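Taken in sequence, the protein lines are chains E and L.
Just so we're aligned: 397 in numbering that gives the first Met the number 0 is position 398 of the first sequence, and the numbers increase by one with no gaps anywhere.
Just so we're aligned: 367 in numbering that gives the first Met the number 0 is position 368 of the second sequence, and the numbers increase by one with no gaps anywhere.
There are 2 protein chains.
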Amino acid sequence: MASEFQSANLPPVDEGVGLVQTHSVELFAASHPLELESGGSIGPVTVAYETYGTLSAAKDNAIFVCHALTGDAHVAGKYAADDKKVGWWDGLIGPNRSLDTNRYFVICANVLGGCQGTTGPSSINPATGKPFGLAFPFITVGDMVAVHLELARSFGIEKLLCVIGGSLGGMQVLKWAARYPDTLRSGICLAAAANLSAQGIAFNAVGRRAIYADPHFHNGDYYNPNGPRNFGEDGPRYGLALARMLAHITYLSELSIERKFGRRLQHSDHLAYELQRETEFQIESYLHYQGKRFIERFDANSYLYLTRAMDYIDLAAQYGSLQAALGKTDARFLVASYNTDWLFPASQSREIVTAMLQARRHVTYLELESVFGHDSFLIEVDQLKELVVPFLAETYRQAART
Amino acid sequence: MASEFQSANLPPVDEGVGLVQTHSVELFAASHPLELESGGSIGPVTVAYETYGTLSAAKDNAIFVCHALTGDAHVAGKYAADDKKVGWWDGLIGPNRSLDTNRYFVICANVLGGCQGTTGPSSINPATGKPFGLAFPFITVGDMVAVHLELARSFGIEKLLCVIGGSLGGMQVLKWAARYPDTLRSGICLAAAANLSAQGIAFNAVGRRAIYADPHFHNGDYYNPNGPRNFGEDGPRYGLALARMLAHITYLSELSIERKFGRRLQHSDHLAYELQRETEFQIESYLHYQGKRFIERFDANSYLYLTRAMDYIDLAAQYGSLQAALGKTDARFLVASYNTDWLFPASQSREIVTAMLQARRHVTYLELESVFGHDSFLIEVDQLKELVVPFLAETYRQAART
Numbered sequence: 000m001a002s003e004f005q006s007a008n009l010p011p012v013d014e015g016v017g018l019v020q021t022h023s024v025e026l027f028a029a030s031h032p033l034e035l036e037s038g039g040s041i042g043p044v045t046v047a048y049e050t051y052g053t054l055s056a057a058k059d060n061a062i063f064v065c066h067a068l069t070g071d072a073h074v075a076g077k078y079a080a081d082d083k084k085v086g087w088w089d090g091l092i093g094p095n096r097s098l099d100t101n102r103y104f105v106i107c108a109n110v111l112g113g114c115q116g117t118t119g120p121s122s123i124n125p126a127t128g129k130p131f132g133l134a135f136p137f138i139t140v141g142d143m144v145a146v147h148l149e150l151a152r153s154f155g156i157e158k159l160l161c162v163i164g165g166s167l168g169g170m171q172v173l174k175w176a177a178r179y180p181d182t183l184r185s186g187i188c189l190a191a192a193a194n195l196s197a198q199g200i201a202f203n204a205v206g207r208r209a210i211y212a213d214p215h216f217h218n219g220d221y222y223n224p225n226g227p228r229n230f231g232e233d234g235p236r237y238g239l240a241l242a243r244m245l246a247h248i249t250y251l252s253e254l255s256i257e258r259k260f261g262r263r264l265q266h267s268d269h270l271a272y273e274l275q276r277e278t279e280f281q282i283e284s285y286l287h288y289q290g291k292r293f294i295e296r297f298d299a300n301s302y303l304y305l306t307r308a309m310d311y312i313d314l315a316a317q318y319g320s321l322q323a324a325l326g327k328t329d330a331r332f333l334v335a336s337y338n339t340d341w342l343f344p345a346s347q348s349r350e351i352v353t354a355m356l357q358a359r360r361h362v363t364y365l366e367l368e369s370v371f372g373h374d375s376f377l378i379e380v381d382q383l384k385e386l387v388v389p390f391l392a393e394t395y396r397q398a399a400r401t
Numbered sequence: 000m001a002s003e004f005q006s007a008n009l010p011p012v013d014e015g016v017g018l019v020q021t022h023s024v025e026l027f028a029a030s031h032p033l034e035l036e037s038g039g040s041i042g043p044v045t046v047a048y049e050t051y052g053t054l055s056a057a058k059d060n061a062i063f064v065c066h067a068l069t070g071d072a073h074v075a076g077k078y079a080a081d082d083k084k085v086g087w088w089d090g091l092i093g094p095n096r097s098l099d100t101n102r103y104f105v106i107c108a109n110v111l112g113g114c115q116g117t118t119g120p121s122s123i124n125p126a127t128g129k130p131f132g133l134a135f136p137f138i139t140v141g142d143m144v145a146v147h148l149e150l151a152r153s154f155g156i157e158k159l160l161c162v163i164g165g166s167l168g169g170m171q172v173l174k175w176a177a178r179y180p181d182t183l184r185s186g187i188c189l190a191a192a193a194n195l196s197a198q199g200i201a202f203n204a205v206g207r208r209a210i211y212a213d214p215h216f217h218n219g220d221y222y223n224p225n226g227p228r229n230f231g232e233d234g235p236r237y238g239l240a241l242a243r244m245l246a247h248i249t250y251l252s253e254l255s256i257e258r259k260f261g262r263r264l265q266h267s268d269h270l271a272y273e274l275q276r277e278t279e280f281q282i283e284s285y286l287h288y289q290g291k292r293f294i295e296r297f298d299a300n301s302y303l304y305l306t307r308a309m310d311y312i313d314l315a316a317q318y319g320s321l322q323a324a325l326g327k328t329d330a331r332f333l334v335a336s337y338n339t340d341w342l343f344p345a346s347q348s349r350e351i352v353t354a355m356l357q358a359r360r361h362v363t364y365l366e367l368e369s370v371f372g373h374d375s376f377l378i379e380v381d382q383l384k385e386l387v388v389p390f391l392a393e394t395y396r397q398a399a400r401t
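Okay, here's the thing in structure tokens:
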């Protein structure tokens, strides 16, 4: 009797958003190109994007997810049932998840300058018929956001319910609010800052140096027209892998490295006393693996352009003050930093919050606890859920009244 | 009248140790080579060293300075009157300075495996008549200390009044106490640890990777027999410079980078919006300069060997426990960490101090305040003076009684 009901009482299997596809759209026709913050222009711009959930008739339930430095449009779900990997923020998105696709329409697009389907340095330059390489124009976080907004408008959306992102994604959220203050009802800015710290610029500079110094860089003109679309084949593999290894260290906390790897050895209980074992310690092996994986999916030129955009953004400098930058929007804001994040320390989130308070904006701030350093925003999705669900629900409730 | 005396009343000009010379001695004859911790052996070993002050008749006033990763024997004074540079810890050493050369005899030697006069990978391999390169045997911090002690013994010194060092130099101090516990009356260990953290290994791994991946590395066989003794000419310049740029970031605190450079630009008030300006921000320019300077004075192979020795040292693992490692010496210890040092955080110094307390040793510990991060021990010499002067005086007083 009771046992018959037990299986029926089990919670339904949580499948997330299920199978998804990446779509592509061409925006900014050559006759109406995107005017770049640097003064140049580019058009047309191809944009790779995914959507989950259903856009409401009133087009008032759209959430735009801005990805971080090396992310892409594939934020949730699988391309095929037997995919082992899901989208990079899958735990956050789906029916009854934080970005509840039963209620909200979620959009994510690969950024301008990227290499996962949106126009970037590896795209074909219409003027030459060959990949742009370093002929690609200089782009900024503001330009990325301009493309995102244009994509949203192509759906008929004039005002996003929310724009959310972490790290460079969070920088996009802030820039969006500064540049297009009337186009979002709320922003969620995680593990981010209104400008990169000097230390962050320093790490980026070393990573770029590794790419520039690689003899296979060939001034950015390393694409093989006959090769597979695998950036790792012909480009500055060592330089890009090295940049990734270095960056990866900055994404982890000292504590998480210590707990996960410590001084454990990869293949033995005993030190080898050999100089050229580059992967003797587990942490070394892990970093080498991360570098190797990265070059299979990322383009070195995109890495150069996107890290430089990250260095350049400085809302206080660009708008006179942080208060001026963030004071024009009526959007409600949720800002969160992580106590072990040393790349985007809590002090930088507090600057954002202070500026918003001074500008009498609505802002909620939490310094969250996690051992995972900068990567916490990608990992601690359950922790985020407690904040994001009520924040979005209240935003949506207020939106419905206006 | 009074004015006549004023100039006479001015304090005497503090000239430090004045003009100095680097000396060279050959230790460990081929017939009695140095037995290495890795199991191999090497001999003879040439050692470059400097001394300041006068060794007492009782040979009881000798202080050994252990240098850090890229230091050398030239710790104080100038080689010529018009030298612009003084030794790397000049402010600490001289008449009436912390290591008072009116009282003490100070020795510093370039470490085994180094490239500033002591036998290392760039030295001529007697077996081949060519530089060792990667044929140089694997060396450890314990091997470095063995050579230091042999040098002290060549002066007839059986017991050092003090062994002092910061960073890798501090690791040498600890290893000295563990391996040769009866040969020192005191140790001063600054900004160091009984083992490198996993994060530290990670940074070293990326730096070494940059050297290995440089096409001019040639498996370590890059010395030009006809070139000047300038390691930068023919070796893996880019890789070594990159390793240095990266390491340099870890030596500074986020606060000191922010204060010294912030987001200031090198040549303009305005962003250039050009991708390939690698030195647009001052911090970038500074790091590139540091990399360039470094390759003029340092050998890439030495960098590989010395960073690996730094990765390998682990007193707790090698002696069963930290308490066992540090409990055998009667030496008095002064341990200091710096609050902004994230490469060798205070927690690692506290481990040392706790182990010594548990072993009922004499130890004094201070967590010092400084904005300069790991480099603080090199910069904050006035702060050190307050601690080092009485610590050495008391050690000397006790030594005189025994």
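C-beta atoms are modelled at their ideal positions from N, C-alpha and C, and glycine is treated no differently.
Since we're looking at a predicted model, the values are computed, not measured.
One alpha carbon belongs to Y318/L, the other to E366/L, and they sit about 26 Å apart. Taking all protein chains shown into account, R236/L has 16 or more neighbouring C-beta atoms within 10 Å of its C-beta and is therefore buried. It is roughly 6 Å from the alpha-carbon of L189/L to the alpha-carbon of V334/L. Per DSSP, reduced to three states, the secondary structure at E149/E is helical. Shown in chain order are the members of the stretch 240-268 of chain E whose Cβ falls below 7 Å from a Cβ of chain L: L241, M244, L245, I248, E253, I256, E257, F260, G261, R262. Among the CB atoms of chain E, one or more fall inside 8 Å of the CB of E283/L. One thing to note: T139/L has its Cβ no nearer than 8 Å to the Cβ of S40/L. Here S185/E carries a strand assignment [DSSP, helix/strand/coil]. When the Cα atoms are used, L111/E and Q397/E turn out to be separated by approximately 32 Å. Here the stretch 143-156 of chain L lies against the stretch 170-179 of chain L, with 3 or more beta-carbon pairs under 8 Å apart. Note on geometry: alpha-carbon atoms of F104/E and I62/E lie some 6 Å from one another.
In terms of Cβ geometry, P180/L and T328/L form a close pair [threshold 8 Å]. E283/E and I200/L have their C-alpha atoms some 8 Å from each other.
Using a Cβ-Cβ cut-off of 8 Å, A345/L does not count as an interface residue toward chain E, since no Cβ of chain E sits closer than that to its own. DSSP lists L18/E as the beta-bridge partner residues of K77/E. Membership of G238/L in the alpha helix (DSSP H) is indicated by the continuous run 236-250. Ranking Q275/L, M170/L, S255/L, H269/L by CA distance to the CA of D313/L puts M170/L first.
In this structure the stretch 72-79 of chain L does not lie against the stretch 23-34 of chain L, because fewer than three pairs of beta carbons, one per stretch, are closer than 8 Å.
Inclusion of Y48/L and A108/L in the CB contact set at 8 Å is warranted, their separation being smaller than that value.
Under the Cβ criterion (8 Å, minimum of three pairs), the stretch 115-132 of chain E counts as touching the stretch 300-313 of chain E. A straight line joining the alpha-carbon of W87/L with that of V362/E spans about 50 Å. With contacts defined as CB atoms closer than 8 Å, H31/L and S166/L fail to qualify as a contacting pair. A residue is called buried when at least 16 other Cβ atoms come within 10 angstroms of its Cβ; N203/L meets this threshold and is buried. The DSSP-derived three-state label of P389/L is helix. Between L239/E and I294/E, the gap from beta carbon to beta carbon is short of 8 Å. With contacts defined as CB atoms closer than 8 Å, A197/L and E34/E fail to qualify as a contacting pair. One thing to note: N60/E has its Cβ within 8 Å of the Cβ of R102/E. Residues of chain L whose Cβ lies closer than 8 Å to the Cβ of N194/E are, in chain order, R262.
CA-CA distance, E379/E to S369/E, rounds to 8 Å. Counting only runs that start and end inside the stretch 99-154 of chain L, the alpha helix (DSSP H) elements of at least 4 residues fall at 140-153. With a cutoff of 8 Å on beta-carbon distance, E232/L and F137/E are scored as not near each other. Interface with chain L (8 Å Cβ-Cβ cutoff): V144/E is excluded.
K77/L counts as buried, since no fewer than 16 other beta carbons sit within 10 angstroms of its beta carbon.
Near chain L, meaning a CB-to-CB distance below 8 Å, the residues of the stretch 299-319 of chain E are L303, Y304, R307, D310, Y311, D313, A316. In this model, D89/L and K384/L are separated by some 13 Å (Cα to Cα). Setting aside the 5 residues that flank it on each side, F390/E is surrounded in the same chain by L333, each with a C-beta closer than 6 Å to its C-beta; the list follows chain order.
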